[in-house]
Amino acid sequence: MGESLDFASVQRENPEMERRCQEVIDTCWRLEDFNPIVSVHDVGAGGLSNAMPELVNDHELGAVLNLRKIPSLEPGMSPMEIWSNEAQERYVLAIRPESLEQFESICARERCPFAVLGEATEARHLTVEDPLFQNNAVDIPMQVMLGGTPRMQRSYETIERKGNEFDASKVDLKDAIFRVLKNPTVASKSFLITIGDRSITGMVARDQMVGRWQIPVADAAVTTTSLQGFTGEAMAMGERPPVALLNPAASARLAVAEAITNIACANIEQISDIKLSANWMAAAGQKGEDQALFEGVKAIGMEMCPALGIAIPVGKDSLSMRTTWNDNGEDKAVTSPMTGVITAFAPVADVRKTLTPELKNLEDSVLVRIDLSKGQFRLGGSILAQVYKAIGSITPDVDSFDDFKAFFALIQDWNNRGLIQAYHDIGDGGLLATVAEMMFAARLGVALEDQTPASLFAEEIGAVVQIKAADWEALQAEVAASSLKDAIAVVGRVNNTDQLSVNGLTLERAELQQAWSEVSHQIQRLRDNVETADQEFALIADKSHQGLIAKPTFDLNEPIEAPFINTRRPNMAILREQGVNGHIEMAAAFDKVGFNTVDVHMSDLLAGRVSLSDFEGLVTCGGFSYGDVMGAGGGWAKSVLFNAKLRDQFEQFFHREDTFSLGICNGCQMLSQLAPLIPGAEHWPRFHRNMSEVFEARSVNVRVEKTVSVLLNGMEGSILPIAVAHGEGRAVASEADIAGLNAANQVALRYVDSHGNPTQHYPLNPNGSPEAITGVTSKDGRATIMMPHPERTFRAIQHSWSPEEWTEDGAWLRMFRNARKFIG
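Quick note on numbering: the sequence shown equals residues 0 to 823 in numbering that gives the first Met the number 0.
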């Protein structure tokens with residue numbers, strides 16, 4: 000077996016090691032004036048051969064390095080391979096000599112390996128000594144490597160790009176609608192989204208999933224600046240590669256415009272606050288492709304972005320976008336069209352004002368289209384043309400930079416005035432796809448005004464906004480005086496029919512959404528458990544499914560910890576192991592209710608720097624301890640069980656009646672394996688692979704059971720949304736153990752459907768746990784473990800969906816308040 004494994008590879012990814020590196024860097028910069036790091040550089044393209052020279056060159060220095068000090072597990076690598084390989088999860092750092100001992104202790108605490116390769120020198124020369132071969136692998140002046148290299152000159156032969164005519168008037172409307180919604184570019188990407196953790200950090204204010212039914216239609220990602228306050232950052236993307244086949248410059252402009260119309264959903268003070276990253280991809284050297292790249296870069300770098308007042312400070316390129324092969328003697332090739340992928344970033348004044356595509360169920364509201372083409376409705380490069388095996392000829396474009404700036408200012412103004420109820424940019428699939436996705440997010444109906452095929456499917460820059468009918472009437476004069484008066488018009492009304500009607504055609508929302516979800520569903524069936532994939536798909540047409548609900552049985556804002564806040568701050572151990580990543584938000588939640596939170600690494604306990612006897616509360620946090628290589632939480636638990644000193648320390652803590660303990664996600668899995676040390680935990684389950692066979696990141700409903708848990712006191716009967724993010728969350732226990740848990744009121748939480756009933760239906764029960772169990776407690780209620788993440792949902796803004804009346808505090812803050820009340 001060992002011979003078949005590629006242990007010689009230098010490209011094995013190791014996110015758990017990356018986490019250790021990040022913890023070291025974070026610890027250093029938090030020391031402020033005592034930060035041992037002078038400079039840091041990631042190791043990327045070119046490996047150390049690029050990173051090391053750039054590191055010392057930033058300080059106008061040289062260096063003398065030892066090649067054999069570079070950590071390497073492959074003894075057969077040549078000097079060139081050691082120096083130039085692009086192995087992952089590495090940084091090069093400049094450390095003050097007097098701070099090296101301090102840096103070494105930080106790395107030891109985080110179990111992060113490092114090596115001192117050499118010293119910086121005043122002489123602007125790089126020497127890499129190789130004591131094995133007794134020579135210098137590198138011996139070169141710095142200016143030769145990083146000096147003024149000649150500017151590259153490229154020439155190309157200009158070509159004329161021609162498409163083909165596409166007559167949209169001849170398509171069957173119903174057929175076109177379903178073809179467009181099923182196209183992978185337009186269709187749901189849920190299969191990709193639910194396998195990625197979107198609640199980690201507790202600072203995610205807007206993820207891809209929108210509304211009670213968690214539909215992946217968000218225009219931008221929004222995070223908070225910290226775990227307090229409401230400022231933040233927004234990120235969005237744009238790309239239009241098919242358009243480059245006809246008009247590369249327009250493709251680049253549309254990519255920028257799409258990124259900005261996406262990020263416009265966030266509360267951004269002015270368009271110049273936006274900064275862009277440009278990723279260019281092209282088949283350099285191929286006929287017409289150098290020309291396309293030049294035209295695209297010039298269009299936005301020298302024309303559009305300067306006119307908008309937006310900078311492009313960073314970017315990258317991939318200029319080998321062509322692959323060739325031989326098939327039975329015939330040479331074949333695939334060439335990617337020139338593609339500019341634009342990522343927009345901006346500071347957000349108030350993350351609570353982020354707009355989403357979720358329609359609001361109002362008595363009377365209109366859908367208003369802002370069409371910056373002012374009725375041109377060009378179909379070149381559109382999805383509609385593609386699904387009929389055409390490309391078209393005349394493409395959309397950004398015709399007026401002034402109009403585009405006015406559009407952005409208008410959206411921000413209307414948002415700040417509270418006029419916009421829902422917002423969605425017009426992109427792939429045109430007006431039809433935009434409105435359909437808004438319907439899916441809310442399970443409401445829309446009656447569109449009569450549309451031509453071109454107006455329904457053109458991918459011109461713009462957006463659709465939902466506005467109260469009364470507000471729209473009041474806006475008429477304002478719109479008429481605007482430079483965008485010819486671009487703004489009502490295109491439909493929102494209703495409760497759960498149907499889309501247009502041009503005399505009426506289609507059920509469920510039928511449309513199933514078409515839109517079909518590609519994702521089929522990929523999910525190939526990758527995941529077929530049964531669970533089909534269960535999720537069936538929910539689309541289930542009209543009884545009401546999505547996420549929130550029914551707390553207590554006052555969210557009641558400060559039950561208030562009598563104890565000014566007495567003292569009890570010590571709370573925020574315990575982590577290598578690979579754990581949920582400790583920051585956990586500390587924030589306990590800090591908010593009056594605990595003195597202390598970052599405790601398992602290495603601190605092993606070294607005797609910290610003792611659990613100094614704490615009244617203990618929480619084991621989520622993440623991937625030891626990369627889950629011994630089962631989720633297994634390695635972490637064994638480090639306690641097989642160490643007599645640690646075992647005794649944990650057992651003594653669990654038996655102290657003045658303490659409580661909590662395990663979340665990976666910490667839940669870990670504590671479940673410490674059950675022999677915890678009084679009254681003999682019936683606790685273990686946690687195994689999810690029934691879906693993949694990592695699950697979801698927002699789900701749980702019901703707080705009648706339980707003895709001190710952390711859930713007063714919450715009994717509440718049905719609340721909460722984040723889950725795990726690959727091994729399925730509770731496994733014998734029938735006798737489950738009966739024992741039920742009899743002693745030790746079941747703390749169960750997954751429930753939108754009617755409040757415990758459920759086995761996926762993904763409402765995301766892991767297939769029996770009797771929908773997802774949290775248990777000890778017989779005296781002092782030890783509680785759960786797979787969901789209350790520490791990521793203790794603020795209202797952290798929820799992917801929450802009731803509008805929730806403002807600052809989320810319902811799960813009550814659990815942390817209960818902890819403070821218990822300590823007294």
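Glycine included, each C-beta is placed from N, C-alpha and C at the ideal position.
Subject >> Cβ contact (3+ pairs, closer than 8 Å) linking the stretch 711–726 and the stretch 784–800 >> reply: yes
Original post:
Okay, do the stretch 222–230 and the stretch 558–569 touch, 3+ Cβ pairs below 8 Å being the bar?
Top reply: no
**OP:** Examine the Cβ distances between the stretch 281–291 and the stretch 310–330 and report whether three or more of them are shorter than 8 Å.
**Re:** yes
**OP:** Mind checking who Trp279 pairs with in its DSSP beta bridge?
**Re:** Asp316, Gly339
Subject >> Neighbour flag for Ile548 against chain B, beta carbons, 8 Å >> reply: Given the protein chain composition of this structure (a single chain), no chain B is represented.
Subject >> Every unbroken alpha helix (DSSP H) within the stretch 346–431, with a cutoff of 4 residues, ordered by chain >> reply: 382–386, 400–415
Original post:
Count the other CB atoms within 10 Å of the CB of Met629; is the residue buried (16 or more) or exposed (fewer)?
Top reply: exposed
**OP:** Tell me the start and end of each unbroken beta strand (DSSP E) in the stretch 650–705 that is at least 3 residues and wholly inside, in chain order.
**Re:** 659–663, 685–687, 695–703
Original post:
What span of residues does the alpha helix (DSSP H) with Ile564 cover, start to end?
Top reply: 561–564
**OP:** State the Cα-Cα distance for the pair Ala631 and Glu576, rounded to the nearest angstrom.
**Re:** 12 Å
Original post:
How is Gly823 classed by DSSP in three states: helix, strand or coil?
Top reply: coil
**OP:** Please go through the same chain and pick out, in chain order, the residues whose beta-carbon is closer than 6 Å to the beta-carbon of Phe376, but skip the five residues on each side of it.
**Re:** Ala453, Ser454, Ala457
Original post:
Is the CB-CB distance between Ala486 and Ile369 below 8 Å?
Top reply: yes
Original post:
Between Asn163 and Ser392, which are expected to be in contact by the criterion C-beta below 8 Å, what is the C-beta distance as a whole number of angstroms?
Top reply: 7 Å
Original post:
Going straight from the alpha carbon of Gln512 to that of His520, what length do you get?
Top reply: 11 Å
Original post:
On the three-state DSSP scale, how would you describe Glu128?
Top reply: strand
**OP:** Could you tell me the boundaries of the alpha helix (DSSP H) in which Met141 lies?
**Re:** 141–145
**OP:** Count the other C-beta atoms from every protein chain shown that fall within 10 angstroms of the C-beta of Ile832, then say buried if there are 16 or more, exposed otherwise.
**Re:** Since the first residue of the chain shown is 0 and the last is 823, residue 832 is not available in this structure.
Original post:
Does the beta-carbon of Val618 have 16 or more other beta-carbons within 10 angstroms, so that it is buried, or is it exposed?
Top reply: buried
Original post:
Is Arg575 helix, strand or coil when you go by DSSP?
Top reply: strand
Subject >> Rounded distance between the beta-carbons of Asn266 and Val347, thought under 8 Å >> reply: 5 Å
Original post:
Going by other Cβ atoms of all chains shown within 10 Å of its Cβ, with 16 needed for buried, is Asp449 buried or exposed?
Top reply: exposed
**OP:** Report the partner residues of Met234 according to the DSSP bridge assignment.
**Re:** Ala220, Phe344
Subject >> Nearest to Arg67 (by Cα), restricted to the options Glu59, Met76, Gly61, Leu60 >> reply: Met76
Subject >> Contiguous beta strand (DSSP E) assignments of at least 3 residues, all confined to the stretch 605–650 >> reply: 616–619
Subject >> Length at least 3, wholly inside the stretch 451–484: the beta strand (DSSP E) runs in chain order >> reply: 461–467
Original post:
Which residues in the same chain as Ser8 place their Cβ atom closer than 7 Å to its Cβ, once the five residues preceding and following it in sequence are excluded?
Top reply: Confidence is the limiting factor: at Ser8 the pLDDT is only 45, short of 50, which leaves the residue's position unreliable, though a coordinate-based value still follows. Result list for Ser8: empty, nothing under 7 Å.
Original post:
Counting along the chain, where does the alpha helix (DSSP H) carrying Pro765 start and finish?
Top reply: Where Pro765 is concerned, there is no enclosing alpha helix (DSSP H), given that its DSSP letter is neither H nor E.
Original post:
With burial defined as no fewer than 16 other Cβ atoms inside 10 Å of the residue's Cβ, what is the status of Arg655: buried or exposed?
Top reply: exposed
Original post:
At which residues does the alpha helix (DSSP H) containing Pro241 begin and terminate?
Top reply: 240–243
**OP:** Taking 8 Å as the cut-off, decide whether the C-beta atoms of Asn65 and Glu156 are in contact.
**Re:** no
**OP:** Report the rounded CA-to-CA distance for Arg608 versus Gly739, giving the unit in angstroms.
**Re:** 39 Å
**OP:** Confirm, please, whether the CB-CB distance from Met438 to Ala421 is below 8 Å.
**Re:** no
**OP:** Give me the Cα-Cα distance between Met202 and Ile822, rounded to the nearest whole angstrom.
**Re:** 28 Å
Subject >> Status (buried if at least 16 other CB within 10 Å, exposed otherwise) for Asp396 >> reply: buried
Original post:
Which two residues bound the contiguous alpha helix (DSSP H) that contains Ile262?
Top reply: 247–262
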